[in-house]
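Using the working numbering, read the sequence shown as starting at 681 and increasing by one per residue.
Glycine is no exception: its CB is placed at the ideal position from the N, C-alpha and C atoms.
From a predicted model like this one, the values you see are computed outputs, not experimental measurements.
Inspection log for the structure reproduced underneath, given as structure tokens.
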Amino acid sequence: MIVDTGAIRAFLDDRHIALAERVAEFSTRVLAPLPEPADDAAARQQARDLLGKLGAAGWFAPIRDQDWRACCLIREALGATSPLADAVFALQALGVVPMLLTENESVRKRWVEPAIQGHAMASFAMTEPDAGSDVASLGTTAVRAGDAYVLTGTKTLISNAGLADFYTVFATTDPAKRDKGIGCFVVPADTPGLTFVRPLRLSSPHPLGEIAFHDARVPKSCRLDAEGQGFTLGLATLDRLRATVGAAACGMGSRALADALAHAKTRRQFGKPLSDFQLIQQKLARMATDLIAARLLVYRAAWEKDRGAPRVTLEAAMAKAFATEAAQRIVDDAVQMRRIVCTVRYARCASMKERPKSSSSSLRGSSSSENRLDRRRAGSIVLRDSDEEGRSRLRNHDPRTQPAGRHIRIRCRLFGCDAEQSRRR
Ligand SMILES: Cc1cc2nc3c(=O)[nH]c(=O)nc-3n(C[C@H](O)[C@H](O)[C@H](O)COP(=O)(O)OP(=O)(O)OC[C@H]3O[C@@H](n4cnc5c(N)ncnc54)[C@H](O)[C@@H]3O)c2cc1C
């Protein structure tokens, strides 16, 4: 898997080009050979292993450095190769960024470096049974008791629930104040009163679940925000990471496109390869165009933030909305073209791990339809058919044999040419 830096070169520095090559090599060598986890327990085990591998390779460092373009490049490569590895990366970022945006030195010292080294797994606990998009209506309470806060309530749809070493938790100190009453607390997983209620199983590997706080006491030094700033801190975190969600979706889309393209070149019907049919060429060209447009939006948003824009709410929301929709269109087209025989993780999943953009951005109108689809597709889906040969082809899928993103672009443009000609170009 090679992350095509050509199309987005204008938004990258030289160090990003080198990083893209390194992460592509890592993804191919370390991630691609990993087996698909058979069940939730295996996915949890693999997620922990991936944490160590990603940390040891230094892939979490751009989170600490707040290099959002680097984070996008990493998520694009991980999304294309191992969506589970991408989820592990995303959660380290979601758990750690609130610490980076505040001045709490003791919490930073305790958790940031271990998380960046891959020694401590993070989680981000905002969603509740009765508070999803409407974060201001959180029901988990944090009551001040001397030098501590006592947390009570339930969090659901939490990635890394039951697996994480610490949870970055949003709770209200005064429900009447709505968003102004929300605080942000870092809660170690072994805190008495914090329990793992149950896993929530998706059709593809992603550790998810419910946790509960029953009078869980944390020292007041675990609070990250200045009184009443927790809501703003949560949104500022999501704002920074939103473009990276789009990047992961681009990775998933590019994998699906590469797969479809390879199939169209080799599958013969009516006496010639599918790729000789104009309708297939048009479909592939549209997929490639969608992908490049999505990537341009993603890297433009990350670049704006890297060069010091105080807010990229609009840019990042556009990037995420377009990229997740584009990835879904690409995957849908690839599914049709390939009589699909594979397990496809939807880019939709990436879109749902965060707040729907409707809750915080000016893209409210477009996001509502997106999230209606989100619900229906429940984060990820498994597509199956009875073609066992095809399935094992996918199990043995080797991204090294897949065309790189740059080649995809060239080949689509020159679709009438044979593979040799397009490679020579
Ligand atoms: C795979 C996965 C991983 C997740 N990981 C985490 C995690 O680690 N931490 C965490 O805190 N949460 C996590 N979530 C939860 C996710 O952030 C929520 O699902 C999301 O915030 C939406 O909340 P909800 O599901 O309750 O939907 P609701 O808020 O009930 O919304 C339902 C639908 O109504 C739409 N809607 C809501 N308000 C409006 C409005 N004002 N205008 C128009 N439409 C609107 C929404 O867009 C959506 O389509 C995860 C979810 C998934 C699927």
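Exposed unless 16 or more other CB atoms sit within 10 angstroms - verdict on residue i
i     : result
D693  : exposed
P778  : buried
Q1082 : In this predicted model, Q1082 has a pLDDT of only 38, less than 50, meaning its place in the structure is not dependable enough to derive any value.
L941  : buried
L994  : exposed
N1051 : A caution first: N1051 carries a pLDDT of 34, below 50, which makes its placement in the model unreliable, though a value can still be read off. N1051 comes out buried.
P742  : buried
T946  : exposed
L894  : It is His, not Leu, that sits at residue 894 in the sequence shown. Exposed is the call here.
E984  : buried
Q772  : buried
P885  : buried
L730  : buried
H799  : exposed
S1040 : Bear in mind that a pLDDT of 37 at S1040, under 50, signals an unreliable position, so the model cannot answer this.
Q958  : exposed
D970  : buried
A723  : buried
G863  : buried
P763  : buried
Reduced DSSP secondary structure (H/G/I, E/B, other) of residue i
i     : result
L692  : coil
Q949  : strand
E783  : coil
L846  : The question names Leu, but residue 846 is Phe in the sequence shown. In the structure shown, F846 sits in a strand (DSSP, three-state: E or B).
N830  : Just to set this straight, residue 830 is Val in the shown sequence, not Asn. Correct three-state label for V830: strand.
V1191 : A question about residue 1191 goes unanswered here, because the residues of the chain that appear run from 681 up to 1105.
E1005 : helix
H799  : coil
L880  : coil
A1099 : With a pLDDT of 26 at A1099, under the threshold of 50, the modelled position of that residue is not reliable, and no figure is offered here.
A737  : coil
R980  : helix
P899  : strand
L954  : helix
A936  : helix
V768  : helix
R1018 : coil
S707  : helix
A773  : helix
D684  : coil
E701  : helix
R987  : coil
P715  : coil
Q725  : helix
E793  : helix
A1027 : Because the pLDDT at A1027 is just 46, under 50, the model does not fix this residue reliably, and the point stays unresolved.
E907  : coil
L818  : coil
Q746  : coil
A869  : coil
Residue(s) in a DSSP beta bridge with residue i
i    : result
C864 : F850
I838 : G889
A811 : E808
L874 : F893
R824 : Y829
Any non-hydrogen atom of ligand 3 within 7 Å of residue i CB
i    : result
I754 : As for ligand 3, it is missing from this structure, which binds only ligand 1.
Integer-rounded CB distance, given that residue j should sit under 8 Å from residue i
i    : j     : result
L915 : T782  : 14 Å between Cβ atoms; not a contact.
G910 : F850  : 6 Å
M801 : L843  : 6 Å
G933 : A1007 : 4 Å
T832 : P809  : About 14 Å separates the two Cβ atoms, so there is no contact after all.
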